[in-house]
Amino acid sequence: MTILVTGATGNVGGKVLARLHAAGHSVRALTRDPARAELPAGVEVVGADMGLPDTLPDALDGVRKVFLMSLGHNKRTHDANLVAVARKTGVEHIVQLSTLGVAEVEEENDTPLGLWHRQAEKALTESGLAWTILRPNGFMTHALGWARAARGDGVVRSPVADLPEALVDPQDIAEVAVRALTEPGHEGRVYALTGPEALTARQQVAVLGAAIGRELRFEQISIEEHRAVMAGLYGEATADGVVAALRKALESGDDFRGRLFPDVRNVLGRRARSFQDWAEAHVADFA
Ligand SMILES: NC(=O)c1ccc[n+]([C@@H]2O[C@H](COP(=O)([O-])OP(=O)(O)OC[C@H]3O[C@@H](n4cnc5c(N)ncnc54)[C@H](OP(=O)(O)O)[C@@H]3O)[C@@H](O)[C@H]2O)c1
Numbered sequence: 001m002t003i004l005v006t007g008a009t010g011n012v013g014g015k016v017l018a019r020l021h022a023a024g025h026s027v028r029a030l031t032r033d034p035a036r037a038e039l040p041a042g043v044e045v046v047g048a049d050m051g052l053p054d055t056l057p058d059a060l061d062g063v064r065k066v067f068l069m070s071l072g073h074n075k076r077t078h079d080a081n082l083v084a085v086a087r088k089t090g091v092e093h094i095v096q097l098s099t100l101g102v103a104e105v106e107e108e109n110d111t112p113l114g115l116w117h118r119q120a121e122k123a124l125t126e127s128g129l130a131w132t133i134l135r136p137n138g139f140m141t142h143a144l145g146w147a148r149a150a151r152g153d154g155v156v157r158s159p160v161a162d163l164p165e166a167l168v169d170p171q172d173i174a175e176v177a178v179r180a181l182t183e184p185g186h187e188g189r190v191y192a193l194t195g196p197e198a199l200t201a202r203q204q205v206a207v208l209g210a211a212i213g214r215e216l217r218f219e220q221i222s223i224e225e226h227r228a229v230m231a232g233l234y235g236e237a238t239a240d241g242v243v244a245a246l247r248k249a250l251e252s253g254d255d256f257r258g259r260l261f262p263d264v265r266n267v268l269g270r271r272a273r274s275f276q277d278w279a280e281a282h283v284a285d286f287a
């Protein structure tokens with residue numbers, strides 16, 4: 001049984017792929033550019049673009065299960081493209097990466113980012129295929145963006161200073177995804193994935209500084225400055241979506257990002273990794 005992993009060269013998909021491959025499952029990695037993809041030896045690689053549906057039938061040929069992710073404003077079309085082709089090629093079960101907030105925010109109050117995920121979930125849940133939906137909170141790996149500051153003047157700049165967030169380690173997301181792809185009993189389930197505690201960005205910076213043995217300082221920047229950085233990394237539409245979600249979070253008194261959910265523990269049988277665990281495991285990334 002072949003499992004197709006989308007986002008296989010990326011953060012969560014890469015970890016899903018590595019775990020499935022190490023456990024001896026037959027995996028196929030989807031990437032737009034097989035020549036540039038650096039994937040574990042022995043993994044089957046297929047070239048396809050989720051924005052180009054004609055490239056997907058070959059990628060899905062013989063596939064029974066899929067780990068499905070896509071990015072930003074492309075989420076709704078790219079996930080829908082893959083689901084539409086998967087229905088015709090014999091896929092049985094798709095494990096989809098979505099986002100926390102889909103259940104916590106009312107649809108009429110949702111931001112573009114939330115709506116893109118909502119539409120992507122709907123494309124899957126209405127497809128007739130078996131599904132599992134993973135709704136993670138913000139990723140701990142965002143802190144990798146602080147590495148340059150940690151190596152330089154030690155000043156971490158972010159627009160979000162005092163918003164508690166129960167960030168999740170992408171390794172935990174990947175571990176839950178692998179369970180859902182390889183064990184029975186996860187069909188029709190939605191998992192809200194958070195870390196074991198809610199920390200503000202100021203607190204995260206303090207935890208990271210202690211882990212890497214360097215004094216780090218936090219400096220709050222404006223949302224406009226942050227938007228410019230995001231637009232440079234992900235493009236204008238996605239930057240607008242991220243910033244709208246951020247504004248809403250900052251304005252909201254009871255934001256869902258600080259809530260803790262038990263699903264990592266329920267699925268994995270252990271507590272979720274903490275930000276301190278993450279920081280200690282990533283000291284080399286800040287050296
Ligand atoms: N970041 C957060 O805090 C957060 C919070 C909640 C939910 N999420 C969810 O997680 C997602 C991000 O996951 P991530 O960090 O693992 O992403 P990532 O590492 O940034 O993903 C990059 C991957 O996307 C693939 N890709 C991009 N465009 C593609 C296309 N047109 N066709 C096929 N593949 C394409 C790339 O493949 P190639 O370059 O090899 O083609 C690469 O493997 C978000 O979109 C959101 O749905 C994120």
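Residue 287, in UniProt numbering, is where the sequence shown stops; the numbers in between run on with no holes. Note that the Cβ used here is the ideal one computed from N, Cα and C, for glycine as well.
Under 6 Å Cβ to Cβ from residue i, same chain only, skipping five residues before and after it: list those, please.
i: Val95; result: Phe67, Thr132, Ala177, Ala180, Leu181
i: Gly47; result: Pro34
i: Pro159; result: Ile221, Ile223, His226
i: Ala194; result: The identity of residue 194 in the sequence shown is Thr, whereas the question assumes Ala. Asn137, Ala166, Val168, Leu260, Phe261.
i: Arg202; result: Ala161, Phe218
i: Ala231; result: Ala239
i: residue 288; result: In the structure as shown, the chain starts at 1 and stops at 287, and residue 288 therefore has no counterpart that could be examined.
Please find out if some non-hydrogen atom of ligand 1 comes closer than 8 Å to the beta-carbon of residue i.
i: Val12; result: yes
i: Ser252; result: no
i: Met230; result: no
i: Pro136; result: yes
i: Ala37; result: yes
i: Gly145; result: no
i: Pro164; result: no
i: residue 296; result: Only positions 1 to 287 of the chain appear in this structure, which leaves residue 296 out of reach.
i: residue 305; result: Outside the modelled stretch of the chain, which goes from 1 to 287, sits residue 305, for which no answer is possible.
i: His117; result: yes
i: Asp49; result: yes
i: Leu30; result: yes
i: Asp169; result: no
i: Asp240; result: no
i: Ala8; result: yes
i: Thr111; result: no
i: Gly195; result: no
i: His78; result: yes
i: His226; result: no
i: Phe218; result: no
Give every residue of the same chain whose Cβ lies closer than 8 Å to the Cβ of residue i, excluding the five residues on either side of it in the sequence, and list them in chain order.
i: Arg271; result: Pro196, Val264, Arg265
i: Val207; result: Leu199, Phe275, Gln276, Ala279
i: Arg189; result: Thr132, Ile133, Ala180
i: Arg247; result: Ile223
i: residue 288; result: Residue 288 falls outside the range modelled here, since the chain spans only 1 to 287, and no answer is possible.
i: residue 288; result: Only positions 1 to 287 of the chain appear in the structure, and residue 288 is not among them; the question remains open.
i: Leu129; result: Val83, Ala86, Arg87, Val91, Glu92, His93, Ile94
If I measure Cβ to Cβ from residue i and keep anything under 7 Å in the same chain, skipping five residues before and after, which residues do I get?
i: Glu215; result: Gly154, Gly209
i: Gly101; result: Gly114, Phe256
i: His78; result: Met50, Gly51, Ser70
i: Leu60; result: Leu4, Val85, Ala86, Thr89, Val91
i: Thr111; result: Gly241, Ala244, Ala245, Lys248
i: Ala143; result: Gln204, Leu208
In three-state terms, what does DSSP make of residue i?
i: Arg270; result: coil
i: Val242; result: helix
i: Phe139; result: strand
i: Val264; result: helix
i: Arg227; result: helix
i: His259; result: Rather than His, the amino acid found at residue 259 in this sequence is Arg. Here Arg259 sits in coil by DSSP.
i: Val63; result: strand
i: Leu233; result: helix
i: Arg28; result: strand
i: Glu126; result: coil
i: Glu251; result: helix
i: Val12; result: helix
i: Val43; result: coil
i: Arg157; result: strand
i: Thr111; result: coil
So, using beta-carbon positions, are residue i and residue j closer together than 9 Å?
i: Leu260; j: Glu175; result: no
i: Asp172; j: Thr141; result: no
i: Ala211; j: Val283; result: yes
i: Ala41; j: Arg151; result: no
i: Leu17; j: Val43; result: yes
i: Val45; j: Ala23; result: no
i: Thr2; j: Thr31; result: no
i: Gly13; j: Trp116; result: no
i: Gly213; j: Gly72; result: no
Q.
Extract the residue ranges of the alpha helix (DSSP H) inside the stretch 169-225, only unbroken runs of 4 or more that lie entirely within it.
A. 170-182, 201-212
| said: To test your reading of the DSSP string, which unbroken alpha helix (DSSP H) runs of 4 or more residues are found completely within the stretch 68-108? | reply: 75-89
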